[in-house]
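Heads up: the protein sequence lines correspond to chains A, B, C and D, in order. Heads up: the first sequence runs through residues 4 to 234, numbered per the numbering used here. Heads up: the second sequence runs through residues 4 to 234, numbered per the numbering used here. Heads up: the third sequence runs through residues 4 to 234, numbered per the numbering used here. Heads up: the fourth sequence runs through residues 4 to 234, numbered per the numbering used here. Just so it is clear, CB atoms sit at the ideal spot from N, CA and C, and this is done for glycine as well.
Number of protein chains: 4
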Amino acid sequence: MSYQTIREAAYEANMQLPRLGLVLFTFGNVSAADRDAGVFAIKPSGVPYELLSPSKMVIVDFDGHTVEGDLRPSSDTLTHAVLYKHWPKIGAIVHTHSTYATAWAQSQRDIPIYGTTHADHNTVNIPCAPPMDDRMIQGDYEYQTGFQIMQCLEQKGLSYEEVEMILVGNHAPFTWGKNADKAVYNSAVLESIAQMAYLTEQIRKDVPVLKDSLIKKHFERKHGPGSYYGQ
Amino acid sequence: MSYQTIREAAYEANMQLPRLGLVLFTFGNVSAADRDAGVFAIKPSGVPYELLSPSKMVIVDFDGHTVEGDLRPSSDTLTHAVLYKHWPKIGAIVHTHSTYATAWAQSQRDIPIYGTTHADHNTVNIPCAPPMDDRMIQGDYEYQTGFQIMQCLEQKGLSYEEVEMILVGNHAPFTWGKNADKAVYNSAVLESIAQMAYLTEQIRKDVPVLKDSLIKKHFERKHGPGSYYGQ
Amino acid sequence: MSYQTIREAAYEANMQLPRLGLVLFTFGNVSAADRDAGVFAIKPSGVPYELLSPSKMVIVDFDGHTVEGDLRPSSDTLTHAVLYKHWPKIGAIVHTHSTYATAWAQSQRDIPIYGTTHADHNTVNIPCAPPMDDRMIQGDYEYQTGFQIMQCLEQKGLSYEEVEMILVGNHAPFTWGKNADKAVYNSAVLESIAQMAYLTEQIRKDVPVLKDSLIKKHFERKHGPGSYYGQ
Amino acid sequence: MSYQTIREAAYEANMQLPRLGLVLFTFGNVSAADRDAGVFAIKPSGVPYELLSPSKMVIVDFDGHTVEGDLRPSSDTLTHAVLYKHWPKIGAIVHTHSTYATAWAQSQRDIPIYGTTHADHNTVNIPCAPPMDDRMIQGDYEYQTGFQIMQCLEQKGLSYEEVEMILVGNHAPFTWGKNADKAVYNSAVLESIAQMAYLTEQIRKDVPVLKDSLIKKHFERKHGPGSYYGQ
Chain A
4 MSYQTIREAA
14 YEANMQLPRL
24 GLVLFTFGNV
34 SAADRDAGVF
44 AIKPSGVPYE
54 LLSPSKMVIV
64 DFDGHTVEGD
74 LRPSSDTLTH
84 AVLYKHWPKI
94 GAIVHTHSTY
104 ATAWAQSQRD
114 IPIYGTTHAD
124 HNTVNIPCAP
134 PMDDRMIQGD
144 YEYQTGFQIM
154 QCLEQKGLSY
164 EEVEMILVGN
174 HAPFTWGKNA
184 DKAVYNSAVL
194 ESIAQMAYLT
204 EQIRKDVPVL
214 KDSLIKKHFE
224 RKHGPGSYYG
234 Q
Chain B
4 MSYQTIREAA
14 YEANMQLPRL
24 GLVLFTFGNV
34 SAADRDAGVF
44 AIKPSGVPYE
54 LLSPSKMVIV
64 DFDGHTVEGD
74 LRPSSDTLTH
84 AVLYKHWPKI
94 GAIVHTHSTY
104 ATAWAQSQRD
114 IPIYGTTHAD
124 HNTVNIPCAP
134 PMDDRMIQGD
144 YEYQTGFQIM
154 QCLEQKGLSY
164 EEVEMILVGN
174 HAPFTWGKNA
184 DKAVYNSAVL
194 ESIAQMAYLT
204 EQIRKDVPVL
214 KDSLIKKHFE
224 RKHGPGSYYG
234 Q
Chain C
4 MSYQTIREAA
14 YEANMQLPRL
24 GLVLFTFGNV
34 SAADRDAGVF
44 AIKPSGVPYE
54 LLSPSKMVIV
64 DFDGHTVEGD
74 LRPSSDTLTH
84 AVLYKHWPKI
94 GAIVHTHSTY
104 ATAWAQSQRD
114 IPIYGTTHAD
124 HNTVNIPCAP
134 PMDDRMIQGD
144 YEYQTGFQIM
154 QCLEQKGLSY
164 EEVEMILVGN
174 HAPFTWGKNA
184 DKAVYNSAVL
194 ESIAQMAYLT
204 EQIRKDVPVL
214 KDSLIKKHFE
224 RKHGPGSYYG
234 Q
Chain D
4 MSYQTIREAA
14 YEANMQLPRL
24 GLVLFTFGNV
34 SAADRDAGVF
44 AIKPSGVPYE
54 LLSPSKMVIV
64 DFDGHTVEGD
74 LRPSSDTLTH
84 AVLYKHWPKI
94 GAIVHTHSTY
104 ATAWAQSQRD
114 IPIYGTTHAD
124 HNTVNIPCAP
134 PMDDRMIQGD
144 YEYQTGFQIM
154 QCLEQKGLSY
164 EEVEMILVGN
174 HAPFTWGKNA
184 DKAVYNSAVL
194 ESIAQMAYLT
204 EQIRKDVPVL
214 KDSLIKKHFE
224 RKHGPGSYYG
234 Q
């Protein structure tokens, strides 16, 4: 079978979502890209997790056309395609409706940076893209969702390499990364940050965001040139 | 044994409820109907899940009379019977006291449609039927509960085919569907929607409901004539 | 070994507490009484659940004196003893620090009756006994806790046969019943009621309590002379 | 292999953290000290829990220098080293980002003492050290975190032997104890206290803290000279 590496990566990553408590039934999808071949493997639409296998992953190109596979790909496939096409350094994308991140998306608020758990992964509030205008929704909806995500980062002056997670207003989170493990990791981290930020505001109404020196310190511990986290 | 198909369907569906975290002890019941035979199989009352089996399901007709079985059927049997009698296209009914959906029912509020997870399944707020008047309660309570559910949909101009879930005020949720798997699925979806709506309001007090264009788009992705979700 | 029946009942019931998510570490205890022998079996103090066995249960009389056993009984033993001595019809007592019930106890509020899940088990708000006065605390604290519980019911005009659960203000819940299974069941029901009542008030600030007709109907479905729940 | 005892103690304690639901991925670390040898064993940085083993623990002295081990120690190692150096009676330290305790840390509030679950372990509010000033952050951050913890206790007139847990403002909790089991136990207790205190304030806005007589009584039941909890 061709594209075996990305089939297996996408399969394994999809299977991690229920284990991490990030999806109910089939409410999520992961894709993994092969940059040289210009394609990605993605979960078929609406197939229960227990029936998935690497061979059932659908191979799609960066314009959203199915290259290999009998099953219909995830209904969110065009969003994945747009992001792969425009963001050359990402290798995987995850979409879930995880509880706390989705509640923030439904509230249409960015998630404020309240602590070092957040700063270990991002130096800014987690952006929430506004709901699309009606024309975009009625048009090619999933395709436009990709552009809505890109436009939100652009308007906030953020790069997809700095911030590997976003909320789509009224909808739910998307995360990405250099590979499928990292993209799934980002989805779990986002859900944890979303839960903690919610609780923080309940515990103290007027809580201030993290100060710049702490944001900088924690992010650089993990990601800066002098990082000293991990092996 | 007769009615084997609906016995097994009802048994399997009842067993799914604790696995999905939707019931504590025996606080829930599922029935599955055989339309040709004019009967449904339902959980016996107050029997622990670990002692259930297909043969213990009670067979009841659409007037609520036991047709086959030594055990007393669920105390909510008459509610199921009324709905089967009046709604010819449903094949199964689920009643639970799942935590978040029951909290909304206790608050006597409809669950506002705040996001696409909700819109993937319904185009309207999840209705909450008001508590019954005292005469209905003192009369044939479970029978009247069925009429209260039907009347609530009618007054809101909703069809049971469009909205497969409802809250009964001060009580708890009921869901239904073409078969037992779908009705159980609807109970789990309702619980997730109820939790997210609760969190959304905590995160932002004045949060607006979803706009019409997004409601329409998401529902039609899954259910319209041009739907493209699933296989 | 003597008192084998209550040793096993107390052991099995204690082991249920972590399975039901009602205790962290050793923060709970169950006792089971033999009315003819005038003794009860109770968990030894501070012994991890995985090291318990029926033979490690301590046998204590209704004045709180150890009758059989090398281990020190639960530090709450005198509370159990007082209740057994004064309430002739109970066969078991459970004390936990379960999360939601304890939060209500810490808030020193009765749990209002907001729905039928509550009314299926009690016709009144779950009472919260006020914290004891300083003299009672400095005296024989656990012994006085028993009297505080009895006094609270008395002042509210409630019988221990009608209401099998109480919160002790600033402390945590106690439940009881005719046997150990029922007392543990009551602890799990109380935790569920406590969580739902908390959520109900978050969802709607001015939520009314259940009306009398519904309280009466639901309680009598399960407990009245014409009850029709269970087998 | 040398330092086998503390290697195993640190390994076992680290493995308890995910089982107790206190960490996501590698967001936590435990160390265990050998006072005679003047060293402690600590988790290597960023290594998944499933790949850990006693031999992978890193041996570090109380100035933070690695004594044995090829892997880089936890990025929080210097905080552990400072505390071991200045607190001669502790044998283990735990750092987690557990959900509720971290939310309180992010809110920069002490956790008020609302009930006996709290008083069983501490006679005071759980202190929250303020975020460090910018100079301390930009300097030797983890080293300064240790001093920030010590200074907070000192300013509140508390001893590390009385209070075995603290929140670091905007960051997360640290706990300690005579050995690794006790330090992990303290982390789980803190998380439970943090969750209950949060819920208590949601249930009642103006809730008073526990009165002195109850604080004293419960703490002394477990820890005073006349304690009668445990064996």
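DSSP places THR126 (chain C) outside both helix and strand once states are collapsed to three, so it counts as coil. Fully contained in the stretch 152–230 of chain A are the following alpha helix (DSSP H) runs of length 4 or more, in chain order: 183–206 and 215–226.
In this structure LYS220 (chain C) touches TYR144 (chain B) by the C-beta definition: roughly 5 angstroms separates them, less than 8 angstroms. Contact annotation for ALA35 (chain B) against chain C: no contact, minimum CB-CB distance about 21 angstroms [criterion: below 8 angstroms]. Your pair THR80 (chain C) and VAL63 (chain C) checks out as a contact, with CB atoms roughly 6 angstroms apart and the cut at 8 angstroms.
In this structure, DSSP gives THR29 (chain B) a state outside helix and strand, which the three-state scheme calls coil. Between ALA12 (chain B) and VAL97 (chain C), the alpha-carbon positions lie close to 38 angstroms from each other. For SER190 (chain C), no CB of chain B lies under 7 angstroms from its own CB, so it is not counted at the interface with that chain.
In the structure shown, PRO47 (chain B) adopts extended strand secondary structure according to DSSP, grouped into three states. Per DSSP, ILE93 (chain C) lies in no beta strand (DSSP E) segment and is marked neither H nor E. Close to HIS124 (chain C), with beta-carbon spacing below 9 angstroms, lies no residue of chain D; the smallest spacing is near 20 angstroms. Between the alpha carbons of ASN32 (chain B) and THR178 (chain B) lies a distance of about 11 angstroms. The C-alpha of GLY160 (chain A) lies about 19 angstroms from the C-alpha of VAL85 (chain A). By the criterion of at least three beta-carbon pairs nearer than 8 angstroms, the stretch 59–79 of chain B is not in contact with the stretch 100–115 of chain B. Residues of the stretch 196–225 of chain D that bring their beta carbon within less than 9 angstroms of a beta carbon in chain C comprise GLN198, MET199, ALA200, TYR201, LEU202, THR203, GLU204, GLN205, ILE206, ARG207, VAL210, PRO211, LEU213, LYS214, ASP215, SER216, LEU217, LYS219, LYS220, HIS221, ARG224 and LYS225, in sequence order. Residue A:VAL192 holds the alpha-carbon nearest to the alpha-carbon of ALA104 (chain A) among A:VAL192, A:GLY180, A:ALA44 and A:GLN154. Residues of chain D with a Cβ closer than 7 angstroms to the Cβ of ASN173 (chain C) are, in chain order, GLY118, THR119, LEU213 and LEU217. By the 16-neighbour rule on beta-carbons within 10 angstroms, ASP215 (chain A) is exposed. Against chain B, the CB of GLY233 (chain C) has a partner CB under 7 angstroms away; the residue lies at that interface.
In the DSSP assignment, the residues bridged to ASP64 (chain C) are C:VAL42. Our two residues, ALA44 (chain A) and LEU213 (chain C), have alpha carbons roughly 53 angstroms apart in a direct line. Secondary structure at ILE116 (chain D): coil, using DSSP grouped into helix, strand and coil. When the alpha-carbon of LYS88 (chain A) is set against those of A:LEU20, A:ARG22 and A:PHE150, the nearest one is in A:PHE150. Chain-order list of chain B residues neighbouring GLY49 (chain A): TYR232, GLY233 and GLN234, by C-beta distance under 7 angstroms. Residue pairing by DSSP places ALA132 (chain D) opposite D:VAL171 in a beta bridge. Contact check for HIS100 (chain C) and THR120 (chain D): beta-carbon distance about 5 angstroms, within the 8 angstroms limit, so the pair qualifies. Along the stretch 8–37 of chain B, going in chain order, the ones with a CB nearer than 9 angstroms to a CB of chain C are LEU27, PHE28, THR29 and PHE30.
Exposed is the label assigned to GLY142 (chain A), since fewer than 16 other Cβ atoms lie within 10 Å of its Cβ.
For GLU11 (chain C), the enclosing alpha helix (DSSP H) starts and ends at 7–22. Distances from the CA of ILE169 (chain D) to each of D:GLY229, D:TYR188 and D:CYS155 were compared; the closest alpha carbon is that of D:CYS155.
SER110 (chain D): member of the alpha helix (DSSP H) spanning 102–110, first to last residue. Note on PRO76 (chain D): 16 or more other CB atoms within 10 angstroms of its CB, so buried under the neighbour-count rule.
Within chain D, GLN234 have C-beta atoms less than 7 angstroms from the C-beta of LEU74 (chain C), given in sequence order. Look at the beta carbons and you see the stretch 180–187 of chain B touching the stretch 12–31 of chain B: at least three pairs across the two are nearer than 8 angstroms. In the structure shown, ASP73 (chain A) falls within a coil segment according to DSSP collapsed to helix, strand and coil. Interface flag for ALA106 (chain C) against chain D is set, since a Cβ pair is found closer than 7 angstroms.
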